[in-house]
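Structure record follows, encoded as structure tokens.
Numbering (our numbering), first residue to last: 292 to 578.
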């Protein structure tokens, strides 16, 4: 597995690969803009070229953009839903410009309209995203959620139901598997045996071919708590065995694993050391 972290774009988006190098990342995830605003500032070709050049020179793969936390494709408020569609359509275009494979997003919360209605709304919204975006390359990844509040896609069946309705765009859809969220949603991944069972369920319900990216986070909360609280690797309720199994699994050797844990660059470095120590035969002097 290619290991990395969600890094800052402080000082300019082109600086992100430099932060990735400092944190000893193989791969990085970024926000392409302020994640708590609807404003979509343009990325100039000059800045995009610098970003791509820095990624190549530092041998860092910029693998994913994380979309805004404001998005809610399930919203019963059509104004919010339309804003979310517009924002996500632009994120796909920005990913193309920056040569980034994936755009990861939280699908949304039904806010009382009910799960069935919320899932249908997400599916229709995804169709609108692809129909209105000028993007031709990047892939949209639904992130598994913890199921906090009325947030959807905490069950694999939710994602399957969305994919069933979006078959015209299925070649540009996938899943980001967040270990913390899946655990908090009630899927026990603490041992190799239980993790294998969860992956088998994922394969039966959605299909492992759609699993494109991992968010590697331990959990502050217990199994099934449905509260989204990340912890450093090995210090939470999931524990090291799950991550040892994951980073050594040949099925995922070409996939990215992104840390989203509390802390800063030093925290990422520390957690990447922890993960690399779990990899059989890994030389810790290598990044």
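Ideal placement from N, C-alpha and C gives every residue a C-beta, glycine not left out. Keep in mind it's a predicted model, so treat the numbers as computed, not measured.
Expressed to the nearest angstrom, what Euclidean distance is found between the alpha-carbon atoms of residue 365 and residue 530? 33 Å
Can the beta-carbon of residue 495 be found less than 9 Å from the beta-carbon of residue 532? no
So for residue 502, helix, strand or coil by DSSP? strand
In angstroms with no decimal places, state the Cα-to-Cα distance between residue 368 and residue 420. 17 Å
Would DSSP call residue 442 helix, strand or coil? strand
What separation, rounded to the nearest whole angstrom, lies between the Cα atoms of residue 430 and residue 512? 31 Å
Below 8 Å, how does it come out for the stretch 408-415 and the stretch 378-390: are there three or more Cβ pairs, yes or no? no
Let me confirm a value: residue 292 is counted as buried when at least 16 other C-beta atoms fall within 10 Å, else exposed. Which label applies? buried
Beta-carbon within less than 6 Å of residue 359's beta-carbon, same chain only, minus the 5 sequence neighbours each way: which residues are those? 326, 378
Beta carbon of residue 433, beta carbon of residue 474: below 9 Å? no
Residue 521 classed as buried or exposed, judged by whether at least 16 other C-beta atoms fall within 10 angstroms: buried
Alpha carbon to alpha carbon, what distance is there between residue 311 and residue 461? 31 Å
Just to confirm my understanding: we take residue 404, look at its own chain, exclude 5 residues before and 5 after, and list those with CB closer than 6 Å. What are they? 367
Where does residue 551 sit, in a helix, a strand or coil, going by DSSP? coil
Nonlocal neighbours in the same chain, by C-beta distance under 6 Å from residue 423, ignoring five residues either side: 380
What did DSSP end up calling residue 405 once you bin it into helix, strand or coil? coil
Quick one: Cα of residue 506 to Cα of residue 324, how far? 20 Å
Report the three-state DSSP secondary structure of residue 473 (helix, strand or coil). helix
First through last residue of the alpha helix (DSSP H) which encompasses residue 341: 336-348
Minimum C-alpha distance to residue 313 - residue among 561, 565, 386, 567: 561
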